[in-house]
Every structure is written in structure tokens, then in C-alpha cells.
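*Asks:* Below are the C-alpha cells for one structure; questions will follow.
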Amino acid sequence: MILSLAIVGCSSKETSKEETNNEGKTGEKTAEKVELTMYSWRPEDRDMYEKAIKKFQAKHPEISIDFQPYESTEYNTILSNALVSGDGPDILQLRPYSGAKTIADSNYLLPLDDLKEIGNINQEYLEAAKGSDGKVYGVPLSLNSGVIFYNKEIFDKQGIKVPKTWDEFLAVCEKLKKNNITPIAQSGRAAYLLSMTHAVIGPDAYGHNDFVDKVTSGNTNLKDPNFVETVQRMKDLEKFFPKDFIALEDNDAQTLFYTGQAAMYINGDYRLATIEGTAPDMKIGVIPGFASKDGGEPVVTTWVDGSYAAAKNTKHPEQAKLFMEFLASKDFGQIFTEESNRLSAVNGVTPKHPIVKEIAAAAAKNSTPYLMLVHFGEGEPTTKTTFENALQGMYLGKLTVDGVVDEAQKNAERAAKK
């Protein structure tokens, strides 16, 4: 899908302001019109970007943006081919962490450390958009959280209280299944969805940030019994997933949730806008994660989801950086949050949607990084990819729980040696 959000005039020049010459005559100063091509993997955000670009053009009418979004599953290949050919975009959306580092290290991007508005974004978030040289190459877009969406009407009719712990969650699933309601609308055709579910239901079991510190410092590894328990949890959930879920597309899983055939759906909070847009009358709530013990705070899995970068071979680096500054501004952050119902990575932006506010508040109290994405995204294949493919193999009867862990740990060791 390709969408041009800006109308480019026929003239290559435009009047920017009047000025007086030495003879007292009024002349015209012209600014060259420039069009920047912008790649994204989010066609569903086109309305938000349309409003944002209009806001930018109010200050910079000489710059137009040709917004070209592609399907997420096709984006990496399209971007890679464009960069290699030298005909890539001026502005591109980067996958976070290792995805951004790979492109930056390949010398395709302009460093953005001197960007005027970059101070609006926490250093922690900027880590997702740095190269191996430590320089910042992207403006982080959003702070995502993994959550469990639930159908409030089903919970109310079944007399179900929102579960706070893993044991309570299992009890809810058992009750729903007993009453012929699919507990979780899980898709398994795309393996990354299994990794996402693991990221939501696992942190309280492996010890969230304490485990992250230990595994990244080399004091433990993925064979740690606490991590093995999280894979066992994934196995235990199998009976609560739809029949033949490994062959089920995510859109079909969402349909089960929309139509009330399934009570819960696990994914990133970025699915909120999709759910509300598709089923506006549906009453939904969120479980942001599980507490390690009764009365504790839920552990919320968070990560920076993508950033925007300026291509090194752009013919208009100054204009591209102007737009990058806008993307790092509170003006853009507020538009992004209000239009997409997601949490902006820009400091000082306040979400208005009650569910977004609820997730943000929970994450502020107790959050942990998306372990596989943030810390196991290196290697070819990455350990994250190996892990989620192994989960598929487990559900197909080809691997045991220990086999999944072994596959992931072997790949982590291979990646560490390179």
C-alpha cells in the first residue's frame, strides 16, 4: 500500500517571505520545494501520519512527505532491497535494537546525536536506535507493552474476577474451557506471536529484572530452571488455545476474540486501536502482566517499538533532519498518542485513553524488557527467532520443553562467539 500524504505543487519554487533590497524595492525570497520519501511498516497508521505531516508542513510548507507504508511481513525485504540498490527512502522506519544496529553498522544512516529535540527521549529508549559505535541513528517512536486483552462481558457473565497471578489465570482458563469458551485466541502460524505470548506470561516466573541482569552478565543462562518453567507454562497453555492454532492466522485469532468465541487475546498494546476500530462496541479490558505473589504489582513487559532514521544517501539531509526533529518533538508525540492509542517515547506526552493510561501506570511501577527482543536479537538466525521456531516445534510434537530451551541456548552461545 502506498499513500502520498502531501500534495506537491507544479512549481519547483515557492515564495517564503518578502524582503527589501538596497534600493528600497520589495523582492521575493524563494525556497526550493523538496519531497522526502518515508517508509513504514504500519499502513494502519496512515491517518495519524496524515495529521502529523500537516502539522509539520504548517511550519515547513516547502517540504512535502511521500508516506509509503508496506505490510510488516514484507517490509524488511523491501527496505533491504531499496538500500542495497541505492534508491531507498529519505526517511525509514527501523526495527528496534539489533535491527537498527545492523542497518546503522552497514553505513546506511545519518547520525542524529546533534538533533535539537533528541533530549526529549530517555537515554534508555535511545539504546534501541544506536549503532555499534554508540551513536544514535534513530528517533524512537513508541514504548510498547505486552498485554492480555479480555472481553469484559464474558468475564461478567461467567462471574470471573480479573486474574492477578499465574495461578489465578490458569483457574480462569479452566473455567472458560469448561463452559465451552475458548480461553485464549492464540495464533501460531507466525512464530513471533508465540514469543510475544511468552514475553507476557513469563517474567514473573523467571524473576524479571533480576534474571535479566544475571543472564546478560553471564551468571546464568536460558537453562536456568526459572526460565525452563516459563516454557513449561507455554506448554500448559496449549489446551486453552483454539484447535489447530499453529495453522491459524493472527487475523483469524482476532476474529475469534471480536466475535466472543474467545475470551482473551495476547499481543502488544498496539493492537488496541485495531480492536476498537474493528469492534467499536466491544467492552475490553487489559491484564498488563502477572504479579509474582498475591498483592504484588504486575510485571509489565515493555520495549521500544521501532524508530525513524534519515538515510545517509538522501539528497536532502537538512530537510530530513528537520522532519526527524519534528518526530522527536512533543507535538508529534501527542498526535501519535492520541491518534494511535499508544504510548509515545517522547517525554512529557500524556495519554488520554483510559486503557493506555492504565498500562502506562502499571509499567511505571514495575516493568521489565522484552527479553528475547532486547537481549537475544543478535546472530543469524537470532536467538529470538530460534526460540519462537522451537516453540512451534514443541506444539507440533517435535520438541520437548527441554528441547526448546536447548535450541535457544545453543543459538545464544553461537551468537556470543561471533
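All the letters of the sequence shown, read from the start, carry residue numbers 0 to 417 under numbering that gives the first Met the number 0. The beta carbon of each residue, even a glycine, is placed where N, CA and C say it ideally should be.
What does the Cβ neighbour count give for T336, buried or exposed, with the cut at 16 atoms within 10 Å?
*Replies:* Label assigned to T336: buried.
*Asks:* Skipping 5 residues on each side, what residues in its chain have a beta carbon closer than 7 angstroms to that of N225?
*Replies:* Once the five neighbours on either side are set aside, the close Cβ partners of N225 are A204, Y205, G206 and F210.
*Asks:* In the DSSP assignment, the alpha helix (DSSP H) including Q92 goes from what residue to what residue?
*Replies:* Careful: Q92 lies outside any alpha helix (DSSP H), inside the beta strand (DSSP E) at I90 to L93.
*Asks:* Quick one: what does DSSP say L125 is sitting in, helix, strand or coil?
*Replies:* Helix.
*Asks:* Quick one: residues in its chain with C-beta nearer than 7 angstroms to the C-beta of I354, no 5 flanking neighbours on either side, listed in chain order?
*Replies:* These residues qualify, in order along the chain: L271 and V285.
*Asks:* Pick out the complete beta strand (DSSP E) segments inside the segment 97 to 178, 3 residues or longer, and give them in chain order.
*Replies:* The qualifying runs are 142 to 150.
*Asks:* Out of P297, G294, N410 and E123, which one is the CA nearest neighbour of D304?
*Replies:* Of the listed residues, the one whose Cα sits closest to D304 is E123.
*Asks:* S186 and A252 look like a contact to me (Cβ under 8 angstroms); what is the Cβ gap, rounded to whole Å?
*Replies:* S186 to A252, Cβ: 4 angstroms. Contact.
*Asks:* Within the same chain, show all residues whose beta-carbon is closer than 7 angstroms to that of R188, passing over the 5 residues directly before and after it, in chain order.
*Replies:* Taken in chain order, the residues that qualify are I245, A246, L247 and E248.
*Asks:* Residues in the same chain with beta-carbon distance under 7 angstroms from F55, minus the five sequence neighbours each way, listed in chain order, please.
*Replies:* Around F55: F322 and F325.
*Asks:* Can you give me the Cβ contacts of I183 inside the same chain, cut-off strictly under 6 angstroms, excluding the 5 residues immediately before and after it?
*Replies:* Same-chain partners within the cutoff: F239, F240 and M263.
*Asks:* My guess is that V345 and A327 are in contact by the Cβ rule of under 8 angstroms, so how many angstroms apart are they, rounded?
*Replies:* With 8 angstroms as the limit, V345 and A327 qualify as a contact, their Cβ atoms being about 7 angstroms apart.
*Asks:* Any idea what DSSP makes of A198, helix, strand or coil?
*Replies:* Reduced to three states, the DSSP call for A198 is helix.
*Asks:* Taking three-plus beta-carbon pairs below 8 angstroms as touching, is the segment 313 to 320 in contact with the segment 137 to 148?
*Replies:* Flag = no, the segment 313 to 320 and the segment 137 to 148 do not touch.
*Asks:* For G378, which three-state DSSP category applies?
*Replies:* Three-state result, G378: coil.
*Asks:* Starting from P297, follow the beta strand (DSSP E) in both directions and report where the run begins and ends.
*Replies:* Note, P297: premise wrong, no beta strand (DSSP E); not H, not E.
*Asks:* Over the uninterrupted beta strand (DSSP E) stretch that includes I245, give me the two end residues.
*Replies:* Note, I245: premise wrong, no beta strand (DSSP E); not H, not E.
*Asks:* Leaving aside the five residues before and after V400 along the sequence, list all residues of the same chain whose C-beta is less than 6 angstroms from its C-beta, in chain order.
*Replies:* So the list reads V230, Q231 and K234, once near-sequence residues are dropped.
*Asks:* Distance, Cα to Cα, A360 vs S366?
*Replies:* Using only the alpha carbons, I get a separation of about 10 angstroms.
*Asks:* In the DSSP assignment, find the alpha helix (DSSP H) that holds D209 and state where it starts and stops.
*Replies:* Taken as a continuous stretch (DSSP letters only), the alpha helix (DSSP H) holding D209 covers H207 to S216.
*Asks:* In this structure, does DSSP put K397 in helix, strand or coil?
*Replies:* Correct three-state label for K397: coil.
*Asks:* Return the CA-CA distance between I283 and I147, expressed in angstroms with no decimal places.
*Replies:* If I take the Cα positions, the gap works out to 10 angstroms.
*Asks:* For the beta strand (DSSP E) holding D86, just list the boundary residues, first then last.
*Replies:* Neither: D86 is in no beta strand (DSSP E) and is coded neither H nor E.
*Asks:* Taking only runs that begin and end inside the segment 304 to 348, name each unbroken alpha helix (DSSP H) of 4 or more residues, in chain order.
*Replies:* As far as the segment 304 to 348 is concerned, its whole alpha helix (DSSP H) runs of at least 4 residues are 316 to 326 and 329 to 339.
*Asks:* Cutting at 8 angstroms between CB atoms, please list the residues of its own chain near A190, excluding the five before and the five after it.
*Replies:* Counting only Cβ-Cβ distances below 8 angstroms, and skipping sequence neighbours, we find T384, E387, N388, L390 and Q391.
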